[in-house]
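At position 200 of the sequence shown (counting the first as 1) the number is 514 in my numbering, and the numbers step up by one without a gap. All residues carry an ideal CB built from backbone N, CA and C; glycine is no exception. Shown next, in structure tokens, is the structure this report addresses.
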Amino acid sequence: MARHTSQSEILIAVIGVTGAGKTTFISKATGRNDLEIGYGVDSFTFSLDGKKVTLIDTPGFDDTYQSDADILQLVANYMAQTYEKGILLTGLILLQPINQNRLQGSEMKRTRLFKKILGENAYSRVVVATTMWNQISDYTLGQDRETERKNRPDVWGDMVSRGAEVVRHDDNKGSAVNIIKKLMNFSTPIELQIQRELVDHGGRVSLTSAGKQLDEDLGELIATLKQEIESLKKERDATRDEITELQHKLYGYEREQFGLGSFMVQGLVEMAASMAGLGFAAVSRELESTCVIF
């Protein structure tokens with residue numbers, strides 16, 4: 315059972331896609347110039363207004379070197395470990411680059427996944443900070459992109475309606491500190507949906523809402539790629555390299571989804587073993603001898 319951390323303990327997770335500027339944001343806020351972009355979960359503690367503030371640098375989704383399933387597992391493991399120690403977050407900062415040309419499907423998927431990690435009850439503890447304003451030539455265009463996301467319930471709109479704030483990060487210390495201060499006034503921490511679900515499901519991320527959402531998103535990607543491959547095969551001017559490239563992508567997504575499915579099957583076996591009072595290996599062998607896998 316998680317305890318409430320005291321008001322003097324401020325724990326804030328910084329989350330977003332790879333390239334959103336998470337490590338840079340933390341570097342600006344803490345005044346540290348020695349931070350490096352990592353592939354795990356790191357935390358950095360500093361003093362602000364007489365309070366100890368810890369910023370958690372999470373690995374970015376949509377990464378070149380790690381799958382979203384691996385990243386979700388890393389984040390879930392950290393959340394579960396801190397939860398078991400009775401440590402809860404004060405809030406979360408979602409960094410979103412504003413220099414993208416349009417609202418892309420990948421951004422929509424990451425936003426849905428982020429919401430599943432949070433749960434609606436935690437929306438009021440979210441600050442969405444738009445970044446990369448210095449990389450757009452038309453400031454009005456950036457404002458339009460921000461407004462569109464704020465007004466759409468399937469992006470940030472539903473979070474805003476439940477108390478989330480949307481602000482602009484100007485890539486300097488003052489801006490970073492002001493964003494953090496928006497979360498420092500909460501007197502009690504918040505329990506995330508994924509933390510509750512990890513407890514309910516014995517730590518199995520594949521059985522959480524976030525895990526199921528990722529599995530659904532991967533299924534959609536796989537179906538789309540299969541259609542594209544079949545269409546290319548029917549085109550006379552399609553090159554073998556084009557088809558091979560899509561097939562490699564398809565294989566990667568299928569392997570990622572299979573990994574999620576394997577975690578889910580293992581979780582069900584562990585549950586069955588626990589209920590039967592048997593070891594995991596014994597139940598697994600019994601299932602293998604009686605089940606046909608399609």
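Taking a C-beta distance under 8 Å as the contact criterion, Ser420 and Asp376 qualify as a contact pair. Listed as beta-bridge partners of Lys366 by DSSP are Glu323, Ser361. Under DSSP, the beta-bridge partners assigned to Leu406 are Ala327, Val440.
The beta carbon of Asn347 sits closer than 8 Å to the beta carbons of Ser341 from its chain, once the five residues preceding and following it are set aside; these are given in chain order. Within the model, the alpha-carbon separation for Ile329 versus Gln541 is close to 33 Å.
Taking the Cα of Lys496 as reference, the smallest distance to any Cα among Thr454, Ile450, Val442 is reached at Val442. For Val469, there is no enclosing alpha helix (DSSP H), since its DSSP letter is neither H nor E. By the criterion of a C-beta distance shorter than 7 Å, Gly456 is surrounded in its chain by Ile412, Trp447, Ile450, once the five residues flanking it on both sides are discounted. In the three-state reduction of the DSSP assignment, Arg346 falls in the coil class, being assigned neither a helical nor a strand state.
Ranked by how close their Cα comes to the Cα of Leu406, the residues Thr461, Gly433, Glu462, Gly345 have Gly433 in first place.
For Glu479, the enclosing beta strand (DSSP E) starts and ends at 479-482. The bridge partners DSSP lists for Pro411 are Thr445.
CA-CA distance, Arg554 to Lys399, rounds to 54 Å.
DSSP places Gln541 inside the alpha helix (DSSP H), whose first and last residues are 523-548.
Here Ile450 carries a coil assignment [DSSP, helix/strand/coil].
In this structure, Gln571 lies near Leu532, with their beta-carbon atoms less than 8 Å apart. Listed in chain order, the non-local C-beta contacts of Ala334 below 7 Å within the same chain comprise Gly374, Leu409, Gln410, Pro411, Thr445, local neighbours out to five positions each way being set aside.
Of Glu323, Asp382, Met393, Lys336, the smallest CA-CA separation from Leu362 is found for Glu323. Assignment of Phe500 by DSSP, reduced to helix, strand and coil, places it in the coil class.
Distance from the CA of Ser501 to the CA of Lys366, rounded to the nearest whole angstrom, comes to 14 Å. In the structure shown, the three-state DSSP call for Asp356 is strand. Leaving aside the five residues that flank Ser381 on each side, the residues in its chain whose CB is nearer than 7 Å to its CB run, in chain order, Glu570.
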